[in-house]
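So the structure is just underneath, and the comments pick up after that.
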Amino acid sequence: MDRRFRNQPKRSRVPTLRDGSADQAACRRVWGGGPAASAACPKSRRRPGTAAGLHRPGPPDGVQRMSGIVERLGIGPVGLPTIPEGGFRSTLAALEFTAEAFIAFSFLGILFGLVWIVRRRPDLGREYRPLIWAGGLFLFLSALAHLLGALSTVLPFHWLVGIADAAVAALASATVVLLLPLLPRLAQAPSTAQLAQANDSLRREVAGHEVTLRELETVQRELETRVADRTRELSSVKARLETALRGAYVHAFSQDRDLRYTWVYDPGGHGAEEMIGRTDAELFPAGERETMLAVKQRVLDSGTAETCELTAVNPRERALYAVHLEPAHGLDGQIDGLTGAAIDISRLRSLESEQRRLADELRTALQRYEIALRGSHMTLFTQDRELRFTSISNPLFGRDVSEIVGRTDEEILPPESLAQFGALARNALAAGKAQGGEVSVKEGADTRWYELHVEPLPDAAGTITGVACALFDITERKTGESHLRLLMRELTHRSKNLLAVIQAMARQTARHSAGNIETFLEAFGARLQALATSHDLLVQEGWYGASLGDLTRRQLSKYLDGAASRVSVQGPAVHLKPAAAQSYGLALHELASNAERYGALSVPAGRVDVEWHMRPAEEGREEAVEILWAEKDGPDVTAPASRGFGTLVVEKNLARALDAEVVLDFDPGGVRCRMVIPASHLLAAR
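Numbers 100 to 785, taken from the numbering used here, label the letters of the sequence shown in order.
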């Protein structure tokens, strides 16, 4: 049907007369009679209020000319061929109905095809969905419009056809709007030649993949062969491993990340299968599994192997195991479990404990032995028949053990001592009996003495293979004996000198005591005490000498009282020889006694300062120590009318015995005494 006339109401298609009334006969011929003709061909076209038989105003001249053209072309108002005088044929109306129906069903078929494609192409993008929906609705409404057009040939549905056409037009416009943005992409769709080329390329790729597949099949067969070989090797290795584990009595196992046992090897073959798939919490009592689980979890978390000792209790005994754990990695390199090995070390630990006990006892015995050797100054050593040192304890001659063992007497001992050592050792080897004697060894400028005891050293068969020697250092004993002899001579000499000093001191004291026995006893006793003090200090130093500072403080000890001391003693370290110490001690006693009776020490406020310093050597005089005695804050001093014994001891005896320079000054402010003792009476600092 011609769409240009679809939007006109159906009643406009009925031929009308110029006077506006319907030509009933002509209208019925068009509609073919029946109810449709009755409905489509009204009896009158008159408007209400218009008298019958009156004519409406005719159409404009242009409309009349167009109607004439249509009539001359033979086309009716509804697009059907018209018969100028005989009306429209009913067969043409049937043909229009049939065509409209076929078109409607064709649109529905296209719609169903579109739905079928969409259902089987879920890959179509969202950007095509609106177009698909609009196209589907367009097809559906077009089918509906054609179906209504077919029905309008027999039923008065002309107004519905207009509405349907308007909807189809709107949807067609929307479809065009949606289609326009997609035209570039649709234009890029591959052509048939491109698709054919792509198919050829795909076929070549498939052919290449088939070649690759055949190569992969070949590789697969090779891999299967290798896997079979490796499987046989693995089975062999597994058998060897189990043999080794069984021989070493090692328990081995593996667990997954949940600590379920996946493989267990028990050299005793007891309960290994029962452990597969179970965890430590299911197999071990609570007292044993906590430490084990903690260590295993630490290995899984850190990825670091660990070794620990765990205790396991069974009905027969309590066993101690050394367990080594290592993380197990999967193909992706991630930790997927752990492997472990456990060894029963109960016997080993028991032996180690016993070994430690014996080692401690041996160490204690050796320590006592070494202490005894060090305390006794004894050296023990062994030599073979060539007199080569094989062992030594408490090495001698300042050498290390490594410097002695493996060497002979000729390499260790000085030439002058070889004969003594060698004679004793060779006699013991020849006679098979112990030998002994004293030997001396030169060590630099000194000579050390040893008592050597040599015994033959037999082996298990009784054959003498060397000698065992004990060397005792008796140098100190020898030196002591020599020193003792010297001391005896020195003591004899000094005793004579001391007796002479005491005799002279007694004679001088008695001379100045004016016959008063009490005065004599007091003065003589004090001087003997001062002499004894000097002798005590000399005895402490082995008669080597005495410190000037110590001697001064001891002679003045009764006047030294801590913070309230009335005597000050200052000076560098100087050591006097024994004779100088005796003379200086007596002189210092006389000065202190005089200060206590007449000088600064006789009053509470008085003080005495004793100072000394070394006077360097100058042209014409040697180095000396200069000692100054100074009293202050005491009573006024006047020079005595006569010289007493004390003055003689200070001025004459000290100067004569020590070649000293003595100046005694009775200054009114306090007695001052200057004593200069030459360095020849001093000892070198020790």
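All residues carry an ideal CB built from backbone N, CA and C; glycine is no exception.
Compute the distance between the beta-carbons of residue i and residue j, then report whether it is under 9 Å.
i      : j      : result
Gln669 : Asp708 : yes
Ala691 : Ala756 : no
Gly684 : Leu659 : no
Ala233 : Leu270 : yes
Leu753 : Ala694 : no
Ala716 : Glu725 : no
Glu405 : Leu424 : yes
Thr463 : Leu570 : no
Pro229 : Leu282 : no
Pro555 : Ala527 : yes
Asp355 : Asp435 : yes
Arg818 : Arg665 : Nothing about residue 818 can be read from this structure; the chain reaches only from 100 to 785.
Gly235 : Val214 : yes
Glu542 : Phe480 : no
Thr564 : Asp483 : yes
Val217 : Ile231 : yes
Glu381 : Thr410 : no
His476 : Glu575 : yes
Might you give, ordered along the chain, the residues of its own chain that have their beta carbon closer than 7 Å to the beta carbon of residue i, omitting 5 neighbours on each side?
i      : result
Ile503 : Phe488, Ile491, Pro494, Ile511
Val749 : Ala686, Glu689, Leu690, Val761, Leu763, Cys772
If you follow the beta strand (DSSP E) that residue i is in, where does it begin and where does it stop?
i      : result
Ile776 : 769–777
Ala723 : 723–731
Thr478 : 477–483
Leu424 : 417–428
Thr361 : 360–364
Ala351 : 349–355
Leu763 : 760–766
Within a Cβ cutoff of 6 Å, which residues of the same chain sit near residue i, ignoring the five residues on either side of it in sequence?
i      : result
Ala738 : Phe765
Pro767 : Asp735, Val736
Gly820 : Here the chain covers residues 100 to 785 and nothing more, so residue 820 does not appear.
His674 : Gly644, Ser646, Leu782
Ile182 : Note that Ile182 scores 39 on pLDDT, short of 50, meaning its location in the model is unreliable and no value can be drawn from it.
Arg773 : Leu727, Val762
Ala524 : Leu486, Val553, Val566
Ala203 : Ala242, His245, Leu246
Cys568 : Phe480, Val553
Pro777 : Glu721, Ala723, Asp758
Hey, quick one: how far does the alpha helix (DSSP H) through residue i stretch, first residue to last?
i      : result
Gly235 : 228–250
Gly436 : Taken as a continuous stretch (DSSP letters only), Gly436 belongs to no alpha helix (DSSP H), being part of the beta strand (DSSP E) at 434–443.
Val398 : 385–401
Glu373 : 371–374
Leu655 : Per DSSP, Leu655 belongs to no alpha helix (DSSP H) and is neither H nor E.
Ala756 : 753–757
Leu382 : 379–382
Ordered along the chain, which non-local residues of its own chain (more than five positions away) have a Cβ less than 8 Å from that of residue i?
i      : result
Gly648 : Val668, Gly670, Ala672, Val673
Pro289 : Ala297
Arg377 : Arg359, Tyr360
Ser701 : Ala694, Glu695, Gly733, Pro734
Arg652 : Leu659, Val668
Leu472 : Thr478, Leu479, Ser492, Asn493
Thr274 : Leu230, Ala233, Gly234, Phe237
*Taking 8 Å as the threshold, find out whether the region 504–511 comes into contact with the region 551–569 through three or more Cβ pairs.*
no
*Pick out the complete beta strand (DSSP E) segments inside the region 518–573, 3 residues or longer, and give them in chain order.*
Listed in chain order, the complete beta strand (DSSP E) runs (minimum 3 residues) inside the region 518–573 are 534–542, 545–557, 563–572.
*Stretch pair the region 194–209 + the region 241–253: three plus CB contacts closer than 8 Å*: Yes, the region 194–209 touches the region 241–253.
*Report yes or no: do the region 415–424 and the region 326–343 share at least 3 C-beta pairs separated by less than 8 Å?*
no
*Does the region 529–547 touch the region 430–442, meaning 3 or more C-beta pairs lie closer than 8 Å?*
no
*Would you mind listing the alpha helix (DSSP H) stretches within the region 659–711 that are 4+ residues and don't spill past its ends, in chain order?*
677–696
*How do the region 258–270 and the region 236–246 stand: do at least 3 beta-carbon pairs fall below 8 Å, yes or no?*
yes
*Mind pulling the alpha helix (DSSP H) runs of 4 or more residues that sit fully within the region 267–341?*
Residue ranges of uninterrupted alpha helix (DSSP H) with 4 or more members, entirely inside the region 267–341 and ordered along the chain, are 282–286.
*Secondary structure, alpha helix (DSSP H): runs of 4+ residues fully inside the region 490–520*: 500–503, 508–511
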